[in-house]
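Residue numbering for the sequence shown follows numbering that gives the first Met the number 0, starting at 0 and increasing by one per position.
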Amino acid sequence: MYGYDCIARLPPIDTGDAFNNLSGKKARIFKGSIKVINTSYVEVGVHGEEMHPIEELSGSPQTGEFTFPIFSDSQHLPELVIKHKGECSHFHLTSVTTHINLED
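Written out as structure tokens, the structure reads:
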């Protein structure tokens with residue numbers, strides 16, 4: 000069976016002056032959620048660190064929104080990474096939401 004891994008890497012979000020500018024502030028992603036259709040075997044993490052599986056997506060393909068914690072102390076422009084094991088099934092990602100803490 001042929002397969003490949005699909006990796007989505009979301010860049011850090013800084014809206015500039017439009018929304019009180021995040022420049023110079025420490026931002027840490029602590030939680031997120033993804034919405035998927037008929038998808039399984041998804042891992043999440045911060046770029047350059049260990050990936051963690053979303054437990055609800057470890058078996059047969061699922062559809063819905065799945066929340067996950069982020070195990071990272073990365074605070075300098077963190078990038079969320081979503082990885083799908085390609086040999087398992089199709090990957091239909093419809094949305095991503097991240098929750099961050101900001102510090103001066």
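Cβ atoms here follow ideal geometry from the backbone N, Cα and C, with glycine treated the same way.
Item	Value
Counted within 10 angstroms of its Cβ, other Cβ atoms place residue 6 as buried (16 or more) or exposed	exposed
Close Cβ partners of residue 50 (< 8 Å) along its chain, the five nearest in sequence each way excluded	42, 43, 44, 80 and 82
Cβ neighbours of residue 94 in the same chain (closer than 6 Å, five flanking residues each side left out)	34
Reference residue 72, options 58, 56, 11 and 29, closest by Cα	29
Close-in-space but distant-in-sequence residues of the same chain around residue 66 (CB under 6 Å, 5 per side omitted)	32
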